[in-house]
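Enquirer: Numbering (the working numbering), first residue to last: 66 to 423.
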């Protein structure tokens, strides 16, 4: 049984040595250097992936973590090309192997675009503090050991830039104040797993966006050469997190329910309706539209009834007018007949009187 376990452990180290093309002795040394006993290696997939991550970080060889999906790489290029500076917080760096995936996918894009991932000294200090924190899991402490060396190596390759604004205090406050200072002039992306920090960045972006930027008047020389009036330039500021495979998901805040949520990166503001509120508002709008349609139909029906009543009344009045006209005509004819009869009788009486007088 012991021989079988030794064979399994040896094969695990052999697999890593074969993949990274180094000696088994070097693999053992790297694992021992971070507190992993080579004689007690586990063979489950999760443990193997972690050992592989340790070796990849130590050797600074993580091309195998790249996705190889050209469509995704094109999408990633579109996602990060518009940002002047991309800051990476502590949590994404030690969240499983997602940072390795992200760096492997974005490395060539960053070089081509002449951009760098910015990691603050505050973040490096947090990593140093995590590696000796007994409250953290072993994998977190080990990642806190190996990531600083990897970051410095990436800095030498001009993939990462170590930045410092010279302020003290909590790292989150440090980042927010930094973004407040430079957010009016630069397009900024923050990669962090901290939802609360992401929400602060989104609110800050909204706050800066609402501030009215004063446009400087043109100088005399600019007016002389016919330069057009300056336009107000607005800048973007977003917060994202890493997910499985090192892919980016952006944080949005719903203006209706004030809850935050993650979704793909869209060229829009950070205050956007969430799916639930969108459906609810759409249903409410549909209900209002239905109620309005029913109300309009009821109004039309009432108007039709009113028109029918008016037409019926008009017809009745017309008939009444016609009846009165006929009655008046008959009465007039009767009156004329009586008048003519009376005249005739008068003439007749006069004739009789004349005849008698003779």
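We treat Cβ as the ideally placed atom computed from N, Cα and C, and that holds for glycine.
Would you tell me roughly how many angstroms separate the C-alpha atoms of residue 178 and residue 147, rounded to the nearest one?
Expert: Spanning the two alpha carbons is a distance of roughly 10 Å.
Enquirer: Could you check if residue 262 is buried or exposed, using at least 16 other CB atoms within 10 Å of its CB as the buried criterion?
Expert: With 16 or more other Cβ atoms within 10 Å, it is buried.
Enquirer: Given that a residue counts as buried once 16 or more other Cβ atoms are within 10 Å of its Cβ, and exposed if not, what is residue 66?
Expert: Bear in mind that the predicted position of residue 66 carries a pLDDT of just 42, short of 50, making it unreliable; the figure below should be weighed with that in mind. Exposed is the call here.
Enquirer: Quick one: residues in its chain with C-beta nearer than 8 Å to the C-beta of residue 92, no 5 flanking neighbours on either side, listed in chain order?
Expert: Once the five neighbours on either side are set aside, the close Cβ partners of residue 92 are 78, 81, 82, 85, 103 and 120.
Enquirer: Quick one: what's residue 302 bridged to in DSSP?
Expert: Paired residue(s): 253.
Enquirer: For residue 431 and residue 253, I'd like the C-alpha separation in whole angstroms.
Expert: The displayed coordinates of the chain run from 66 to 423. Any statement about residue 431 would go beyond what the structure contains.
Enquirer: Compute the distance between the beta-carbons of residue 241 and residue 207, then report whether it is under 9 Å.
Expert: No, these two residues do not count as a Cβ contact at 9 Å.
Enquirer: Are there three or more Cβ pairs, one per stretch, closer than 8 Å when the segment 145-160 is compared with the segment 109-128?
Expert: Not touching, per the Cβ criterion.
Enquirer: Given that a residue counts as buried once 16 or more other Cβ atoms are within 10 Å of its Cβ, and exposed if not, what is residue 302?
Expert: Classification for residue 302: buried.
Enquirer: Measure from the C-beta of residue 263 to each C-beta in chain D and report whether the shortest distance is under 9 Å.
Expert: Protein chains in the displayed structure number just one, and chain D is not present.
Enquirer: Hey, which unbroken runs of the alpha helix (DSSP H) at 4 residues or more fall wholly within the segment 150-211?
Expert: The qualifying runs are 155-159, 163-178 and 186-195.
Enquirer: Name the DSSP beta bridge partners of residue 312, please?
Expert: Partner(s): 308.
Enquirer: Assuming the contact rule is C-beta atoms closer than 8 Å, residue 226 and residue 183 should be a hit. Round their C-beta distance to whole Å, please.
Expert: At roughly 5 Å, the Cβ-Cβ gap stays under 8 Å, so residue 226 and residue 183 are in contact.
Enquirer: For residue 98, name the three-state secondary structure that DSSP assigns.
Expert: Residue 98: helix per DSSP, three-state reduction.
Enquirer: Can you grab the Cα-Cα spacing for the pair residue 279 / residue 338, in whole Å?
Expert: Note on residue 279: pLDDT 49, under 50, position unreliable in the model; the coordinate value appears next. Taking the straight line from one Cα to the other gives about 30 Å.
Enquirer: Am I right that residue 257 and residue 306 are in contact with their C-beta atoms under 8 Å? What's the rounded C-beta distance?
Expert: Rounded, the Cβ-Cβ distance is 6 Å, consistent with contact.
Enquirer: Which two residues bound the contiguous alpha helix (DSSP H) that contains residue 340?
Expert: Per DSSP, residue 340 belongs to the alpha helix (DSSP H) from 340-422.
Enquirer: If you draw a straight line from the alpha carbon of residue 327 to that of residue 316, how long is it in whole angstroms?
Expert: Their Cα atoms are separated by approximately 4 Å.
Enquirer: Put residue 110 into one of helix, strand or coil per three-state DSSP.
Expert: Note: residue 110 maps to helix in three-state DSSP.
Enquirer: What are the start and end residues of the alpha helix (DSSP H) that includes residue 137?
Expert: Its alpha helix (DSSP H) spans residues 135-145.
Enquirer: Does the separation of the CB atoms of residue 209 and residue 228 fall below 9 Å?
Expert: Cβ atoms of residue 209 and residue 228: not closer than 9 Å.
Enquirer: What number of angstroms, rounded off, separates the C-alpha of residue 310 from the C-alpha of residue 259?
Expert: Those two C-alpha atoms are separated by around 18 Å.
Enquirer: Quick one, are the C-beta atoms of residue 162 and residue 118 less than 9 Å apart?
Expert: Their beta carbons are under 9 Å apart, which means residue 162 touches residue 118 by this criterion.
Enquirer: Would you kindly work out how many angstroms separate the C-alpha atoms of residue 416 and residue 379, rounded to a whole number?
Expert: Taking the straight line from one Cα to the other gives about 55 Å.
Enquirer: Kindly indicate which three-state DSSP category residue 278 falls into: helix, strand or coil?
Expert: A caution first: residue 278 carries a pLDDT of 49, below 50, which makes its placement in the model too unreliable to give a value.
Enquirer: List the DSSP bridge partners of residue 226.
Expert: Paired residues: 183.
Enquirer: Based on Cα-Cα distance, which residue from 204, 404, 174 and 90 lies nearest to residue 111?
Expert: Of the listed residues, the one whose Cα sits closest to residue 111 is 204.
Enquirer: Are the Cβ atoms of residue 219 and residue 248 separated by less than 9 Å?
Expert: Going by C-beta atoms, residue 219 is not nearer than 9 Å to residue 248.
Enquirer: Give the DSSP-derived three-state secondary structure of residue 132 in the structure shown.
Expert: In the structure shown, residue 132 sits in coil (DSSP, three-state: anything other than H, G, I, E or B).
Enquirer: Helix, strand or coil for residue 122? Go by DSSP, reduced to three states.
Expert: It is helical.
Enquirer: Following the continuous beta strand (DSSP E) through residue 325, name the residue where it begins and the one where it ends.
Expert: Taken as a continuous stretch (DSSP letters only), the beta strand (DSSP E) holding residue 325 covers 325-328.
Enquirer: Check the DSSP bridge columns for residue 336 and list the partner residues they point to.
Expert: According to DSSP, which records beta bridges pairwise, residue 336 is partnered with 318.
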